Amino acid sequence: MPSPAIRVLDVAGLPAYVSDIATTFTGTLVFGVGLRDETARSAGTAHLLEHLIMKRVGKVAVTHNATTSDEVIAFFAQGSPAQVGDFLTRVAAAVSSLHEITADDVLEQRRIISAELGQGDERIGRGNLIDRFGNQSLGLLDFGSPAHRSHTRADALRFADTWLHAGNAALTFTGPIPDGFTLSLPPARPVPERTPPEPIRHEAWIPNGEVPLVLSLVLRSPDAAHTAVARTLLEDALLGRLRTERHLVYSVNGFAFPLGAGATFVGYAMDPRAEDALAAATGAVELLRELAETGPDEAAIREQIEAWDAADDDPLAQAAQLDAIAAGVLRGRRERDDVEAVDLHAVTAADVQRVIADAMTTRFITFAGDTPLPDDDEVTAALGMPPAEDPTPLAVTLSRGDWVRHVMPAEVEVFGGRAFRGLRGASLFVDLERVTFASSAGTMEVRFDSMPVALYSEGQRFWCLVGREGHFMIVDLDQWRGAAKLHDLLGTRIPGDVQAGVDLETPLPA
């Protein structure tokens with residue numbers, strides 16, 4: 001059965017995507033901005049705005065909600081057309097009147113969000129998206145919003161003025177547009193240019209995060225049908241090989257994020273027992289190689305297409321496709337009037353093989369941080385990929401003499417570790433470009449110009465200096481001689497726009 005046709009209409013200057021879907025009448029106002037458009041310092045601002053807007057909407061009788069995802073902020077309601085139209089009109093009015101909010105309004109919603117996020121709401125996260133993208137774009141989906149308690153009224157309004165207006169909004173309806181429906185948003189403004197997110201690491205493995213095992217790839221093709229079938233075929237093939245045949249995992253849960261018009265980032269989260277993690281990862285890589293070299297059989301392709309056809313008959317999937325089209329238009333991956341569904345029926349095994357073969361250089365394996373693994377050489381030999389590396393500190397690249405000369409100028413401050421705090425022999429060097437920690441256990445640095453956020457706690461007396469690649473350095477002031485001077489120096493040399501005060505009970509990230 002073909003999916004209901006999608007019509008593109010103009011409503012109050014916004015594109016409206018309308019389809020007669022056999023489900024409860026639903027209307028959605030979508031803004032093309034989400035978590036991936038924030039920074040590590042501003043992360044949580046979109047969520048804060050969602051709360052501020054819904055507070056101004058007030059009590060609504062019908063089923064409704066608002067969500068902030070990686071790509072959009074969406075407000076939707078289900079009920080009679082008149083009730084849904086009233087809700088969306090009130091949302092637009094709330095957006096248009098955001099400059100009436102007060103500092104107390106922001107404080108109230110920050111408190112609610114803190115309760116919603118629960119214990120550890122200011123901690124930085126870990127995970128495969130940070131490992132692949134760093135603390136930016138898609139990496140922010142794992143990073144969390146550690147600075148969210150410091151967001152101000154000015155921060156919220158700056159974000160709203162940039163993104164929440166008629167030039168970055170669309171509507172979707174699962175039935176005819178309500179009679180007499182209209183709304184008014186702030187006038188359209190230029191939307192900031194979006195840089196397509198690109199992974200900063202490829203072909204490597206790393207222990208990090210809480211998910212037992214994640215395999216991720218970048219699938220590329222000018223034909224979206226090829227990547228769509230390849231994505232779901234890989235999920236089914238991994239489940240068949242690692243669960244049905246080898247009993248190494250219980251489940252394989254796929255996820256996907258568009259990187260641009262012709263590229264999709266895909267991940268497959270698996271749940272082996274700790275002792276089976278390396279065997280499961282090795283089996284996953286072996287399967288990828290087989291598919292890249294010989295491709296799937298045509299029967300497997302037909303199974304995928306049949307599964308996609310069945311999903312197309314699901315009213316919930318049809319409604320989700322409406323919202324996906326709106327998001328794709330607002331994010332620049334689709335033209336305004338492009339509502340044609342991707343036709344999968346011409347996809348062949350050779351097409352899928354080509355997509356997987358091209359993705360082989362983008363493989364990445366993330367183990368849970370507490371997975372008991374053999375030494376690096378053994379893991380590397382099993383996977384055929386090296387361990388992921390953090391940036392090499394400057395101190396490691398210099399001879400001892402060159403390093404001594406580097407730290408001699410007056411602008412370089414050296415702080416010694418307190419022996420009774422476990423830092424005998426350790427030193428902290430703060431020059432104009434970086435902070436370097438050096439001890440017998442190794443050397444680490446975080447550069448000021450690539451520091452997306454620096455968290456500090458006056459009460460707990462520590463700094464958490466976060467690097468772009470996802471690594472971080474904890475500076476517990478009480479562990480260093482000259483703590484007051486060190487604190488002032490960091491406050492001066494770290495760019496002010498990335499600093500954020502926190503009130504954690506412990507200085508350790510999650």
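For what it's worth, full-length UniProt numbering labels the leading residue of the sequence shown as 1, then goes sequentially. We put the beta carbon where it would ideally sit given N, CA and C, even for glycine. Being a predicted model, the structure only gives us computed values, none of them experimental.
How would you label residue i, buried or exposed, when you count the other beta carbons within 10 angstroms and need 16 or more for buried?
i	result
Ser137	buried
His165	buried
Asp121	buried
Leu147	The amino acid occupying residue 147 in the given sequence is Ala; Leu does not appear at that position. With 16 or more Cβ atoms within 10 Å of its Cβ, Ala147 is classed as buried.
His99	exposed
Ala510	Note that Ala510 scores a pLDDT of 49, beneath 50, so its modelled location is shaky; the value from the coordinates is reported in the next line. Ala510 should be labelled exposed.
Glu445	buried
Val84	buried
Met270	buried
Phe437	buried
Gly501	exposed
Arg400	exposed
Pro178	buried
Val404	exposed
Met451	buried
Arg111	exposed
Leu213	buried
Pro272	buried
Asp37	buried
Arg158	exposed
Thr362	buried
Apart from the five residues on each side of it in sequence, which residues of its chain come closer than 7 Å, Cβ to Cβ, to residue i?
i	result
Asp223	none
Gly209	Arg126, Gly127, Asn128, Thr366, Ala368 and Gly369
Arg418	Gln479, Trp480 and Arg481
Ala204	Phe364, Met385, Pro386, Pro387 and Ala388
Glu469	Gly134, Ile200, Asp390 and Pro391
His471	Asp390
Val396	Thr443
Gly332	Arg194
Asp155	Ser42 and Thr45
Thr294	none
Thr24	Gln78
Val191	Gly167 and Asn168
Arg189	His165 and Gly167
Val91	Leu29, Ile53, Val57 and Phe75
Leaving out the 5 sequence neighbours to the left and right, which residues in its chain are closer than 6 Å to residue i when beta-carbon positions are compared?
i	result
Ala292	Ile356, Ala357 and Met360
Val430	Glu413 and Leu489
Leu423	Gly417 and Gln479
Val62	Ala77, Gly79 and Gln83
Asp276	Leu248
Glu153	Rather than Glu, the amino acid found at residue 153 in this sequence is Arg. Around Arg153: Ala103 and Val106.
Ser145	Ala43 and Gly44
Ala66	Glu50, Met54 and Phe75
Leu141	Leu35, Asp70 and Leu129
Thr371	Pro207, Ala274 and Ala277
Gly467	Val446
Can you list, in chain order, the residues of its chain whose CB lies under 8 Å from that of residue i, leaving out five sequence neighbours each side?
i	result
Glu303	Asp236
Pro176	Val18, Asp20 and Pro81
Arg354	Ser221 and His226
Leu394	His406, Arg434, Thr436 and Glu445
Gly491	Tyr456 and Gln499
Val231	Reading the sequence as shown, one finds Arg at residue 231 and not Val. Same-chain partners within the cutoff: Leu219, Gly254, Ala256, Thr264 and Val266.
Ser439	Gly417, Leu423, Gly425, Ala426 and Ser427
Taking a contact to mean a Cβ-Cβ separation below 9 Å, would you say residue i touches residue j in this structure?
i	j	result
Leu373	Pro207	yes
Ala46	Ile6	no
Leu14	Ala160	no
Val218	Phe265	yes
Phe181	Thr89	yes
Leu477	Val435	no
Asp323	Thr172	yes
Leu48	His202	no
residue 512	Ser3	Residue 512 falls outside the range modelled here, since the chain spans only 1 to 510, and no answer is possible.
Val60	Val339	no
Leu233	Tyr268	no
Ala22	Arg56	no
Leu432	Glu411	yes
Val475	Phe462	yes
Arg336	Ser216	no
Hey, residue i and residue j are a contact pair by Cβ (cut 8 Å); roughly how many whole angstroms apart?
i	j	result
Ser96	Leu185	6 Å
Leu287	Leu238	6 Å
Val30	Ala327	6 Å
Ala40	Phe143	6 Å
Gly32	Leu330	3 Å
Ile305	Val352	That pair is no contact at about 11 Å.
Phe448	Pro495	6 Å
| query | Are the region 265 to 285 and the region 235 to 252 touching by the rule of at least three beta carbon pairs closer than 8 Å? | reply | yes
| request: Check whether the region 316 to 332 touches the region 345 to 352, counting contact only when three or more Cβ pairs, one atom from each stretch, lie closer than 8 Å. | output: no
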